[in-house]
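Read through the structure below, which is laid out as structure tokens, and then see the notes.
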Amino acid sequence: MALTRSNTSQRRGRGSVAALFAALAALVIAAPVAAAPIADEAAVVYDPHAVATIDLTLSPEAVAALEAEPSEYVKGTFAMATTSGGPEGEETTLTPTPHPVEVRLKGSGSFRPITGKAAFKLKFKKADAFLGLRKMTLNNMVQDESMAHEALTYLAFGAVEAPAPRSGYAYLRLNGEDVGLYADLETLDKIALEKRFGAFLDPPQHLYEGESGDDVLEGEAGSFEVDEGDEEHRADLEALIEAVDGDGGVPFSQRVAAAADLGEMTRMWAIERYIAHWDGYAGHAQPNERPNNYYLFSDASGRFQMLPWGTDQTWDLNQEIPHRIVSFDSPGGLMFDECLADKDCFRLYWKALGEVTDAVEAMDAGGFLADTAAMLAPWQEKEREDGRAEATEAQVTAQVNESAAFIADRPAEAREWLATHEPPPEEEEPEEESPVKPPTVEPILAPTAPADPLHLGRIAKKPRALVVHLGFSVAGEVRVRATMKLRGRAVTACSADPLSVTRGTAAIVCPLAPALLNRRAEGAIRLRVRAAFTPAMGTRTVLERPIRLDAF
Numbered sequence: 015m016a017l018t019r020s021n022t023s024q025r026r027g028r029g030s031v032a033a034l035f036a037a038l039a040a041l042v043i044a045a046p047v048a049a050a051p052i053a054d055e056a057a058v059v060y061d062p063h064a065v066a067t068i069d070l071t072l073s074p075e076a077v078a079a080l081e082a083e084p085s086e087y088v089k090g091t092f093a094m095a096t097t098s099g100g101p102e103g104e105e106t107t108l109t110p111t112p113h114p115v116e117v118r119l120k121g122s123g124s125f126r127p128i129t130g131k132a133a134f135k136l137k138f139k140k141a142d143a144f145l146g147l148r149k150m151t152l153n154n155m156v157q158d159e160s161m162a163h164e165a166l167t168y169l170a171f172g173a174v175e176a177p178a179p180r181s182g183y184a185y186l187r188l189n190g191e192d193v194g195l196y197a198d199l200e201t202l203d204k205i206a207l208e209k210r211f212g213a214f215l216d217p218p219q220h221l222y223e224g225e226s227g228d229d230v231l232e233g234e235a236g237s238f239e240v241d242e243g244d245e246e247h248r249a250d251l252e253a254l255i256e257a258v259d260g261d262g263g264v265p266f267s268q269r270v271a272a273a274a275d276l277g278e279m280t281r282m283w284a285i286e287r288y289i290a291h292w293d294g295y296a297g298h299a300q301p302n303e304r305p306n307n308y309y310l311f312s313d314a315s316g317r318f319q320m321l322p323w324g325t326d327q328t329w330d331l332n333q334e335i336p337h338r339i340v341s342f343d344s345p346g347g348l349m350f351d352e353c354l355a356d357k358d359c360f361r362l363y364w365k366a367l368g369e370v371t372d373a374v375e376a377m378d379a380g381g382f383l384a385d386t387a388a389m390l391a392p393w394q395e396k397e398r399e400d401g402r403a404e405a406t407e408a409q410v411t412a413q414v415n416e417s418a419a420f421i422a423d424r425p426a427e428a429r430e431w432l433a434t435h436e437p438p439p440e441e442e443e444p445e446e447e448s449p450v451k452p453p454t455v456e457p458i459l460a461p462t463a464p465a466d467p468l469h470l471g472r473i474a475k476k477p478r479a480l481v482v483h484l485g486f487s488v489a490g491e492v493r494v495r496a497t498m499k500l501r502g503r504a505v506t507a508c509s510a511d512p513l514s515v516t517r518g519t520a521a522i523v524c525p526l527a528p529a530l531l532n533r534r535a536e537g538a539i540r541l542r543v544r545a546a547f548t549p550a551m552g553t554r555t556v557l558e559r560p561i562r563l564d565a566f
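First residue of the sequence shown: 15, per my numbering; consecutive thereafter.
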């Protein structure tokens with residue numbers, strides 16, 4: 015149990031620190047639609063410049079239940095205190111008596127059992143809300159040896175007034191035993207949303223969680239988890255999917271204008287690309303579990319914003335792992351890809367990336383990283399001595415140094431890309447020519463070609479064919495094929511003959527196999543569409559995307 019020990023001078027010091035944090039909190043949590051900074055009693059919980067302490071108490075029966083079913087909540091008690099500095103400093107409790115709480119474990123790649131450095135979700139009943147909070151998230155940071163990436167990321171979001179969770183630090187003790195240092199993240203629930211956007215109306219509003227390949231694909235509205243809102247009625251998400259996947263020659267930015275706030279989304283995508291968030295929405299098209307770690311939030315009119323999550327593996331370009339190498343315009347989630355291919359949306363993204371570059375440089379991300387590393391060092395040492403640490407001191411130092419180098423190099427890398435990809439002024443852009451549509455290939459003159467050799471855009475689903483929209487930055491040969499799983503092996507669902515293409519865009523018609531049409535009559539089918547492009551000079555590029563075909 016945390017004890018309260020303070021004196022007048024400590025209270026004075028805490029007042030100045032609180033004032034400093036209040037100003038910081040206003041920066042971090044401001045959102046484009048919020049008219050004023052957010053001030054609330056829970057701000058002290060999310061101070062990225064301090065380490066709090068948390069004590070969880072669970073009965074032997076509760077611990078055994080978490081060993082058996084980690085994702086099921088168990089009952090316990092909770093106590094939290096602020097500290098005056100390092101592990102040996104004074105603690106001032108925020109919970110005069112043990113607070114009732116429900117606890118479960120969390121994580122996928124970061125999952126650890128209750129006997130290790132487990133990550134936690136905490137839930138308070140309405141009558142026992144803690145400083146107005148109903149939920150808390152404690153990330154174990156086992157995939158970020160620096161332990162600074164999440165706090166740094168959400169400060170970057172605040173620097174460009176993009177909505178994001180708040181983040182602090184806490185040292186956790188479980189039943190009196192040291193566990194270790196945690197990222198204390200604001201859970202994006204109805205309470206957090208109302209602090210940013212005003213009253214949450216249920217119905218019609220929603221907060222959808224996107225993970226493990228969830229994207230705005232036709233027929234996939236049901237794959238998203240509903241964190242807030244009516245689970246049975248998803249008309250807002252279905253309208254967004256219909257707008258993104260719509261046809262008829264209307265540009266992407268016009269199709270989605272009523273369903274998506276592209277101004278806000280391009281800011282989010284620009285930050286994800288700037289910090290190399292390969293495990294987010296814009297981060298990377300492959301492997302198959304992408305996109306991941308994002309939220310879709312709809313307002314009362316059904317218009318969506320996108321919010322980030324899971325930003326621990328950022329601020330580093332790991333050259334040894336190909337799918338973690340994120341450029342500023344490589345393929346990502348479907349909406350990001352469509353945005354890059356749309357001249358108006360691309361201009362929004364280009365401007366947003368410039369703003370992000372300036373803002374992150376101005377906030378001195380390198381200085382924050384150094385200060386955070388110094389603040390956390392004694393707590394990390396305590397974790398290694400008394401807790402359940404997984405990172406050695408050498409690993410922590412190496413990750414901090416790698417992130418510092420990334421931060422130092424990133425502004426120049428971003429500005430070089432911006433200089434070579436500057437869109438033409440709006441008033442000087444030529445009008446698009448009407449598309450010409452031969453029977454099997456629909457070439458469309460694009461005002462700008464994609465930066466990568468191959469861009470995989472929208473996939474239209476016709477009764478007896480797929481129409482795969484592709485973009486090319488150079489001339490070459492392209493082949494389109496789709497497969498389905500049948501008795502454990504991949505079977506061809508459609509195949510288009512190799513086609514010679516020039517720089518620009520094309521729509522490739524891929525006729526569906528009779529066997530697939532027969533199976534489709536029996537129920538929905540999942541396919542994997544694969545486009546392979548061999549340029550006249552250069553390396554072969556292959557892009558894939560999963561889709562679902564509903565039954566006739």
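Every residue gets a Cβ at the ideal spot worked out from N, C-alpha and C, and that includes glycine.
| message | Taking the straight line between their C-alpha atoms, what separation do you get for E440 and E278? | response | Taking the straight line joining both Cα atoms gives about 20 Å.
query: At which residues does the beta strand (DSSP E) containing S181 begin and terminate?
result: That run of the beta strand (DSSP E) goes 181-188.
Pick from F125, K149, D313, V193 that is closest to R210, judged by C-alpha positions: Among F125, K149, D313, V193, the Cα nearest to that of R210 is on D313.
Fill in: Cβ contact check for the segment 176-189 and the segment 415-431: 3 or more pairs under 8 Å
These segments do not touch.
Whole angstroms are fine: how far does the CA of D326 sit from the CA of V370? Roughly 19 Å between the two C-alpha positions.
Reduced DSSP category for V42 - H, G, I as helix; E, B as strand; rest coil: Bear in mind that a pLDDT of 36 at V42, under 50, signals an unreliable position, so the number given afterwards is only what the model happens to contain. Of the three classes helix, strand and coil, the one that applies to V42 here is helix, per DSSP.
- Task: Give the single residue among D54, A496, A197, L331 whose Cα lies nearest to the Cα of A162.
- Result: Ranking D54, A496, A197, L331 by Cα distance to A162 puts A197 first.
Notebook entry, point to check: Do F420 and L166 come within 8 Å of each other at the CB atom, strictly closer than that value?
Noted result: In this structure, F420 does not lie closer than 8 Å to L166 by Cβ.
**Request:** Please check the pair V481 and V543, which I expect to be a contact at CB under 8 Å, by giving their CB distance rounded to whole angstroms.
**Result:** Rounded, the Cβ-Cβ distance is 11 Å, inconsistent with contact.
Which one of E164, D356, A384, P127 has the shortest CA to CA distance from Y60? The shortest Cα separation from Y60 among E164, D356, A384, P127 belongs to E164.
Just verifying my parser: in three-state terms, what is the DSSP assignment at Y295?
In the three-state reduction of the DSSP assignment, Y295 falls in the coil class.
Which same chain residues, not among the five before or five after S160, have their C-beta less than 6 Å away from its C-beta? Correct list, in chain order: Q413, V414, S417.
* Just mark R287 as buried or exposed, buried being the case when its beta carbon has 16 or more other beta carbons within 10 Å. => Flag for R287 reads buried.
Taking the alpha-carbon positions, what's the A373 to L80 distance? A straight-line Cα-Cα distance of about 43 Å links A373 and L80.
Quick one: what's P525 bridged to in DSSP?
-> Residue pairing of P525 in beta bridges, as defined by DSSP: A479.
**Request:** Tell me whether the beta-carbon of N306 lies closer than 8 Å to the beta-carbon of S237.
**Result:** For N306 and S237, no; Cβs fall outside 8 Å.
* Span of the beta strand (DSSP E) holding I68? -> First-last of the beta strand (DSSP E) with I68: 65-71.
For this session: Name the residue from T519, T553, W393 whose alpha carbon lies nearest to the alpha carbon of G263.
Result: Among T519, T553, W393, the Cα nearest to that of G263 is on T519.
>> Can you tell me whether G224 is helix, strand or coil according to DSSP?
In response: DSSP places G224 in strand when its eight states are reduced to three.
Margin query: Relative to the C-alpha of V488, which candidate in V156, L202, A271, G552 has its C-alpha closest?
Written below: Distances from the alpha-carbon of V488 to those of V156, L202, A271, G552 put G552 closest.
* Whole-angstrom Cβ separation of G233 and D466, contact assumed at under 8 Å? -> Contact flag wrong, Cβ pair sits at about 27 Å.
| message | Tell me the DSSP secondary structure of R269 in three-state form. | response | Shown here, R269 sits in a helix according to DSSP, grouped into three states.
Exercise. What number of angstroms, rounded off, separates the C-alpha of L38 from the C-alpha of T129?
Worked result: With a pLDDT of only 37 at L38, under the threshold of 50, the placement of this residue in the model should not be trusted, and no figure is reported.
For Q319: DSSP bridge partner residues = Its beta-bridge partners are F311.
What residue range is occupied by the uninterrupted alpha helix (DSSP H) comprising R398? For R398, the enclosing alpha helix (DSSP H) starts and ends at 379-400.
Tell me whether the beta-carbon of G324 lies closer than 8 Å to the beta-carbon of D293.
Cβ distance < 8 Å, so G324 and D293 count as in contact.
Roughly how many angstroms separate the alpha carbons of R562 and T506, rounded to a whole number?
One C-alpha to the other measures close to 15 Å.
State buried or exposed for D228, treating a residue as buried only when at least 16 other CB atoms are found within 10 Å of its CB. With 16 or more other CB atoms across the displayed protein chains lying within 10 angstroms of its CB, D228 is buried.
- Message: Quick check on Q268: buried or exposed, where buried means 16 or more other Cβ atoms within 10 Å of its Cβ?
- Response: By the 10 Å Cβ count, Q268 comes out exposed.
Local Cβ density within 10 Å of Q409, reported as buried at 16 or more and exposed below that: Exposed is the call here.
Note to self: Threshold first: 4 residues or longer. Then list the alpha helix (DSSP H) segments lying entirely within the segment 119-187, N to C.
What the structure shows: 163-173, all fully within the segment 119-187.
Task: the segment 113-133 in contact with the segment 150-158 per 3-pair CB rule at 8 Å - done: In short, these stretches touch, since the Cβ pair count reaches three.
Q: Examine the Cβ distances between the segment 133-144 and the segment 347-367 and report whether three or more of them are shorter than 8 Å.
A: No: fewer than three Cβ pairs fall under 8 Å.
- Message: Contact between the segment 184-202 and the segment 379-394 is defined here as three or more beta-carbon pairs at a separation below 8 Å; is this criterion met?
- Response: As far as the Cβ criterion goes, the segment 184-202 touches the segment 379-394, which means the pair count is three or higher.
| DSSP state of F211, grouped into three classes? | Note: F211 maps to helix in three-state DSSP.
- Query: Within this structure, are the beta carbons of L254 and L362 separated by less than 8 Å?
  - Reply: For L254 and L362, no; Cβs fall outside 8 Å.
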